[in-house]
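Q: The numbering used here numbers the first residue of the sequence shown as 36 and each following residue consecutively.
We put the CB at the ideal spot given by N, CA and C, even for glycine.
One structure is given below, represented as structure tokens, and several questions about it will come after.
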Amino acid sequence: MSKQELAVLGQDEDEDDGCRPGLLTAPLDEAQSVELAKVFKALGDPVRLRLLSMIASRAGGEVCVCDLTPAFDLSQPTISHHLKLLRQAGLIDCERRGTWVYYRLLPEMTDRLAGILTRPAGPRPAEPRTAGPRPAGQPLPEPAATADDA
């Protein structure tokens with residue numbers, strides 16, 4: 036397939052963010068790759084992933100930083116740094132109330148990630164067969180006939 040035949044995500048100005056095809060249907064353009072890499076990098080740290088999970092699963096949709104910090108064996112400035120990276124990636128937002136900061140999930144970004152990673156509906160393409168170990172008791176395949184055999 037030539038480069039001209041590839042449809043690249045984000046190249047069509049008529050597409051809006053809610054209707055873009057997923058990662059599994061067309062290649063990403065450079066800008067999308069850079070943007071998504073920041074989000075995946077933020078999610079690639081176990082502390083940040085756990086923080087995001089704690090925020091997203093909290094009843095009422097938000098959580099005070101004072102409730103997040105004791106759950107980790109890390110200093111408050113380290114937790115704040117991780118939260119800042121999640122905010123910069125567009126995964127969470129916050130609001131200061133007095134001396135405390137309350138964090139909430141931005142579902143638009145998690146919904147977008149889910150849409151990008153979702154396999155399109157319909158028949159799956161045939162998976163290539165690989166030469167692997169043959170099951171015990173299965174005979175070797177017959178060799179293909181050649182012109183010399185005739």
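Can you tell me the Cα-Cα spacing of Leu120 and Val100, whole angstroms?
A: Taking the straight line from one Cα to the other gives about 14 Å.
Q: Out of Asp146, Asp64 and Val98, which has the shortest C-alpha to C-alpha gap to Arg132?
A: With distances taken between Cα atoms, Arg132 lies closest to Val98.
Q: Are the Cβ atoms of Leu109 and Leu126 separated by less than 8 Å?
A: No. Outside cutoff.
Q: Just how far apart, CA to CA, sit Gly95 and Leu152?
A: Roughly 27 Å separates the two Cα atoms.
Q: Any idea if Val74 is buried or exposed, counting beta-carbon neighbours within 10 angstroms, 16 or more meaning buried?
A: Classification of Val74: buried, given that the 10 Å Cβ count is 16 or more.
Q: So the candidates are Thr113, Ala61, Pro62 and Leu59; which of them puts its Cα closest to the Cα of Asp80?
A: Measuring from the Cα of Asp80, the nearest candidate turns out to be Thr113.
Q: Does DSSP put Val69 in a helix, a strand or coil?
A: Helix at Val69.
Q: Among the candidates Gln123, Ala124, Arg85 and Arg122, whose CA atom is the shortest distance from the CA of Pro105?
A: Ranking the options by Cα distance to Pro105, first place goes to Arg85.
Q: Assign Glu40 to one of three DSSP states: helix, strand, or coil.
A: Summary for Glu40: the model assigns pLDDT 37, below 50, so the residue's position carries little reliability, and this model does not support an answer.
Q: Only counting the same chain, and skipping five residues up and downstream in sequence, which positions put a Cβ closer than 8 Å to that of Leu103?
A: Contacts found: Leu86, Met89, Ile90, Ile114, Leu118 and Tyr138.
Q: Using a 10 Å radius around the Cβ and a threshold of 16 neighbouring Cβ atoms, would you call Met36 buried or exposed?
A: Any reading at Met36 needs caution, since the residue's pLDDT is 40, under 50, leaving its predicted position unreliable; the model's value is listed next. Classification of Met36: exposed, given that the 10 Å Cβ count is below 16.
Q: What whole-angstrom Cβ distance do Ala77 and Ala124 have, given they're in contact under 8 Å?
A: The Cβ separation is near 4 Å, so the contact holds.
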